[in-house]
Amino acid sequence: MLTYFALSNDNPDSVAKHESEDFVYKPSPNVVSDTKERRYYSSSSQTYILPCDEEEQYRLNMQHILFEKLFDGHVLSSVKNNLQPGSTVVDFGCGTGAWVIDMAKSYPDSTFIGVDIANVFPNDNLPPNVSFSIMDISKPLDFKDNSLDFVNSRLLLGGLQKEKWATMLTEWYRIVKPGGIVQLMEVDFMAADIVPGAERFIKGLHDLMEERGLDFFVAVKLPALLRCNGFNVVERNARKMEFYGTDLSKMVADNWDRLNLGFKGGLVKYICPEDPDSYEVLLEGGIKACIEQRWFKRAVGVVGRKPVV
């Protein structure tokens, strides 16, 4: 009997254990699959490719728990060993604020600020050392020079255009104190050979991201991006996101299901333009292929340090 993890519908911030005699993929429950029922950000650039509704917030909270379990915590070891009491920490692209809130509870003597372009921030029962701010991370940031001890971001590949990565990291270098640290986490979709059935979704996602000016391959570029913008790379860690055989496999598959349903508004023209109604069936078949053929993605985390001199 395999134990897998999934979010509790009653409490999206917690993890509920479920048991299954055999690991069999089933489409995610309570997912709005009709694009007309999903809410997307209205922007002239149309860069961000995911929705901004409650279903997406649920998925983001699931993703937060998934990354916590993949990396045995919210930060890599070089951050754990260097984050001192009294630190000022900013999470750029914070989304629902789950990372900020969990970190604030773990480090009550430090200050945590969540930043995102849209207000999907929680309002209730916040730790006293948490605040949120609306800001466009692709533009000059409203923080003073050399003012932050630690900067974090996770999965910006769906919203930050290729040419903006250097702009953002230049700003990070400005606002981080000498000796301060930054952590980036992204997903490498090409860590393993693409299996038939999933191939059309991976290629479709690549093409959609190219259309929006996003960097499909940014996960493998993180160390070079940090070095090119003045940081010393002090740690790189990668973890398999397997669709098969582990306690986290169900969560990986479920998150991938929900993610692609969120992508549907932009992705359907690359997947099944002649028959949009077949999107969900093709997605289900693709995920089953990922499980049966033992495919995996890779979560990549990189930590950089701003030189003292």
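With this note's numbering applied, the sequence shown corresponds to residues 69 to 377, in that order. Glycine included, every Cβ here is placed at the ideal spot set by N, Cα and C.
Which residues bound the beta strand (DSSP E) around residue i?
i	result
residue 252	244 to 256
residue 217	216 to 222
residue 160	156 to 160
residue 199	198 to 202
Residues in the same chain with beta-carbon distance under 6 Å from residue i, minus the five sequence neighbours each way, listed in chain order, please.
i	result
residue 247	376
residue 93	Note that residue 93 scores 38 on pLDDT, short of 50, meaning its location in the model is unreliable; the coordinates nonetheless yield the value given after this. The answer, listed in chain order, is 321, 355, 356, 359.
residue 220	159, 251
residue 182	159, 162, 165, 168, 200
residue 397	For residue 397 there is no data in the structure shown, the boundaries of the chain being 69 and 377.
With residue i as the anchor, note down where its alpha helix (DSSP H) starts and where it stops.
i	result
residue 334	317 to 339
residue 146	145 to 148
residue 277	267 to 280
residue 362	Per DSSP, residue 362 belongs to no alpha helix (DSSP H) and is neither H nor E.
residue 170	166 to 174
residue 130	122 to 138
residue 287	286 to 296
Under 9 Å, do residue i and residue j count as touching if we go by C-beta distance?
i	j	result
residue 325	residue 350	no
residue 369	residue 118	no
residue 223	residue 283	no
Closest to residue i by C-alpha separation, out of the options, would be which residue?
i	options	result
residue 276	339, 249, 214	339
residue 236	271, 296, 180	296
residue 310	284, 126, 256	256
residue 287	312, 305, 299, 280	305
residue 207	179, 283, 238	238
residue 161	105, 348, 205	205
residue 268	328, 254, 115	328
residue 153	175, 147, 146, 168	175
residue 266	115, 128, 348, 303	348
residue 290	264, 332, 344, 253	253
residue 226	209, 274, 215, 189	274
residue 371	303, 313, 333	303
residue 374	203, 218, 171	218
residue 171	150, 279, 198	198
residue 193	209, 173, 187	173
residue 146	184, 196, 195, 300	300
Excluding five sequence neighbours on each side, which residues of the same chain lie with their C-beta closer than 8 Å to the C-beta of residue i?
i	result
residue 234	293, 296, 297
residue 213	242, 243
residue 231	281
Below 7 Å CB to CB, which residues in the same chain sit around residue i once its five sequence neighbours on both sides are set aside?
i	result
residue 308	364, 366
residue 272	335, 338, 339
residue 270	257, 262
residue 323	127, 130, 131, 134
residue 144	251, 303, 305, 369, 371
According to DSSP, which residues form a beta bridge with residue i?
i	result
residue 310	364
residue 180	157, 198
residue 190	Per DSSP, none; premise fails for residue 190.
residue 342	Answer is none; residue 342 lacks a bridge partner.
residue 303	371
residue 229	282
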